[in-house]
Amino acid sequence: MMGVLAASSHAIAQTAQQPAAPAPVAAMETCFTCHGENGVSRVPTYPTLAGQKVDYLIRQMSVFRQSQDKISSVPENGAKPLASRFDPLMAHVTAALSDGEVSRIAATLAQLPCDGGKTEAAPISQPVKPQVAQRCDVCHGEVGVSSAGNVPNIAGQQRGYLRRQLLIIRENAYGAASRESELWRTHPIMERQAARLSIEEVDMLAQYYATLDCRTTARP
Ligand code: HEC
Ligand code: HEC
Numbered sequence: 000m001m002g003v004l005a006a007s008s009h010a011i012a013q014t015a016q017q018p019a020a021p022a023p024v025a026a027m028e029t030c031f032t033c034h035g036e037n038g039v040s041r042v043p044t045y046p047t048l049a050g051q052k053v054d055y056l057i058r059q060m061s062v063f064r065q066s067q068d069k070i071s072s073v074p075e076n077g078a079k080p081l082a083s084r085f086d087p088l089m090a091h092v093t094a095a096l097s098d099g100e101v102s103r104i105a106a107t108l109a110q111l112p113c114d115g116g117k118t119e120a121a122p123i124s125q126p127v128k129p130q131v132a133q134r135c136d137v138c139h140g141e142v143g144v145s146s147a148g149n150v151p152n153i154a155g156q157q158r159g160y161l162r163r164q165l166l167i168i169r170e171n172a173y174g175a176a177s178r179e180s181e182l183w184r185t186h187p188i189m190e191r192q193a194a195r196l197s198i199e200e201v202d203m204l205a206q207y208y209a210t211l212d213c214r215t216t217a218r219p
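By numbering that gives the first Met the number 0, the letter at position 47 of the sequence shown is numbered 46, and the numbering carries on one by one without gaps.
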């Protein structure tokens with residue numbers, strides 16, 4: 000298992016500035032039962048975590064962790080809780096993690112190769128970019144890899160996951176009230192983006208970003 004960390008030297012170089020000492024990969028076996036071996040998902044609705052941005056991972060885990068308490072105190076009038084995301088599985092999984100564990104897990108995940116360390120060359124042809132994807136460039140990068148720590152990479156992410164996130168964020172943007180134990184997600188910046196998308200565009204974008212090679216794009 001630890002060999003994986005050593006083998007991903009380009010990924011390590013990318014995140015060398017991160018302060019937290021990584022947690023051992025073995026400590027994340029539970030996570031990998033859902034998120035795939037070494038954080039590379041094989042299940043459409045579960046996101047790949049390997050190679051994701053450290054700051055982004057820390058924030059998502061912290062939000063899931065808080066959401067358990069916040070959801071039980073949702074006001075009767077249906078106002079949104081403060082935490083910006085809820086998923087019953089992840090609320091449960093993160094409930095007992097300390098801040099230190101969250102940081103260390105994030106540091107390890109960010110260093111794992113996003114494709115599980117494949118050796119074959121990246122495909123030469125890139126999928127045709129839908130015009131609507133140009134709106135995403137400024138934050139998510141021209142080919143789905145962002146340069147900001149709080150903006151997730153979306154290249155090579157599971158298509159079903161991307162699609163569902165965009166739809167959930169879009170629903171919130173249109174004012175859907177969050178109900179107890181239902182998936183929801185809200186983020187002011189992404190809500191503005193998602194609100195402008197048709198369902199067809201959501202499908203097209205999910206397909207496009209899922210097809211991009213996370214490796215080609217992970218290098219500057
Ligand atoms: C029982 C299955 C399951 C387990 C175990 C699990 N997760 Fe998750 N995780 C999910 C699902 C499903 C989602 C997507 C939630 C959504 O759609 O909002 C998710 C989402 C996430 C995200 C958000 C990713 C993104 O791109 O925004 C992070 C980070 C994460 N999980 C980390 C972890 C870590 C760390 C562990 C182990 C401590 C773990 N998960 C264990 C099912 C699981
Ligand atoms: C102004 C900056 C900005 C733009 C433009 C933008 N995004 Fe985002 N996006 C973000 C941020 C920030 C997040 C993280 C939200 C959070 O922390 O919950 C995000 C999150 C996401 C996620 C969730 C990823 C995950 O791992 O869960 C998807 C999918 C996504 N964006 C797709 C898009 C698409 C497609 C477009 C173009 C139509 C787009 N975004 C445009 C800033 C942006």
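Glycine residues also receive a C-beta, built at the ideal position from the N, C-alpha and C atoms.
Assigned with DSSP and collapsed to three states, R195 falls in coil, not helix or strand. The beta carbons of A154 and V142 sit about 6 Å from each other, so the pair counts as a contact at 8 Å.
At the C-beta level, A106 and Q156 stay beyond 8 Å of one another. For V150, the closest of Y160, H139 and G159 by C-alpha to C-alpha distance is H139. As DSSP reads the structure, R84 sits in a beta bridge with R184.
The residue among S83, S145 and L111 with its C-alpha nearest the C-alpha of V24 is L111. Secondary structure note for T107: its alpha helix (DSSP H) is the uninterrupted segment D98 to Q110. The C-alpha of K117 is placed about 42 Å away from the C-alpha of G174. Straight through space, the alpha carbons of G159 and G50 are spaced by roughly 19 Å. Judged by the Cβ position, I104 fails to qualify as a neighbour of ligand 2 at the 7 Å threshold, every heavy atom of the ligand being at least this far. In this structure V101 is not in contact with R162, their Cβ atoms being roughly 27 Å apart against a cut-off of 8 Å.
With at least 16 other beta carbons inside 10 angstroms of its own, A109 counts as buried. Comparing C-alpha distances from L166 to each of G148, S146, A22 and M203 shows the shortest one belongs to M203. In the DSSP annotation of this structure, Q157 is not part of any alpha helix (DSSP H), being labelled neither H nor E. Between the alpha carbons of R195 and E170 lies a gap of roughly 11 Å.
Residues of the same chain with a CB within less than 8 Å of the CB of P187, apart from the 5 flanking positions on each side, do not exist. A check of alpha carbon separations from V53 across C33, A90, I104 and P46 identifies I104 as the nearest.
Bounds of the alpha helix (DSSP H) holding T32 are E28 to H34. Measuring C-alpha to C-alpha distances from E190 to each of D86, L182, I168 and S61 identifies I168 as the nearest. Within 10 angstroms of the beta-carbon of T32 lie fewer than 16 other beta-carbons, which makes it exposed.
The alpha-carbon separation between G115 and A94 amounts to approximately 27 Å. Between the C-alpha atoms of P122 and R214 there is a straight-line separation of about 10 Å.
Between Q125 and L48, the C-beta gap is not smaller than 8 Å, which leaves the two residues out of contact.
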